[in-house]
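Have a look at the structure below before the remarks.
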């Protein structure tokens with residue numbers, strides 16, 4: 001997972017115009033050549049803004065033994081990492097669902113069919129659920145699915 005990564009370098013892709021979550025399309029590509037030189041390119045597809053970084057091996061970085069140890073550790077914890085990644089993916093999926101709902105409610109054309117009182121109630125439910133997610137970061141897939149189903153049922157009742 002990220003906490004186990006080794007920082008090799010960093011750069012910032014700036015000048016991305018403000019937009020709702022999920023709207024900016026950032027493409028990141030990685031390339032490692034035969035000499036172990038890493039090249040990273042990040043590009044905002046909307047603006048064409050791009051940044052790149054090249055990272056070469058430096059003295060004082062990991063020895064071969066340290067690298068082998070890290071590979072062994074990665075293999076040892078692969079199953080746990082897979083579980084954590086799945087949990088993060090589930091959480092991100094639910095967050096995306098709710099942020100898309102918020103964006104839809106903020107769009108007057110899309111939210112035309114929803115009564116003002118229902119719209120407010122739905123916004124409150126979404127905000128409460130997002131708060132719940134922040135307070136319960138260890139929740140599992142079943143918890144996330146139940147929360148999403150709960151909101152979907154309320155939305156269904158409001159729209160029918």
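Residue numbers (the UniProt record's numbering): 1 to 160. Each residue gets a CB set at the ideal place from its N, CA and C atoms; glycine is no exception. Every value quoted in this text rests on a predicted model; they were computed, and no experiment measured them.
CA-to-CA distance, residue j to residue i, given in whole angstroms
i           : j           : result
residue 26  : residue 20  : 14 angstroms
residue 54  : residue 128 : 43 angstroms
residue 50  : residue 28  : 10 angstroms
residue 146 : residue 72  : 37 angstroms
residue 64  : residue 70  : 10 angstroms
residue 68  : residue 22  : 37 angstroms
residue 121 : residue 85  : 32 angstroms
Spatially closest choice to residue i from the options, by CA coordinates
i           : options          : result
residue 103 : 9, 85, 123, 87   : 123
residue 150 : 108, 114, 97     : 97
residue 113 : 84, 158, 81, 142 : 158
residue 31  : 121, 52, 17      : 52
residue 4   : 80, 106, 134     : 80
residue 35  : 77, 121, 56      : 56
residue 155 : 111, 76, 130, 68 : 111
residue 95  : 68, 133, 66      : 133
Residue i - partner residues in DSSP beta bridges
i          : result
residue 53 : 40
Start and end residues, beta strand (DSSP E) containing residue i
i          : result
residue 31 : 26 to 32
Alpha helix (DSSP H) segment containing residue i, residue limits
i          : result
residue 15 : No alpha helix (DSSP H) holds residue 15; DSSP gives it neither H nor E.
Assess, as a yes-or-no matter, whether the stretch 135 to 146 is touched by the stretch 83 to 90 under the definition of 3 or more beta carbon pairs within less than 8 angstroms. yes
Pair every Cβ in the stretch 4 to 24 with every Cβ in the stretch 38 to 45, then say whether three or more of these pairs are closer than 8 angstroms. yes
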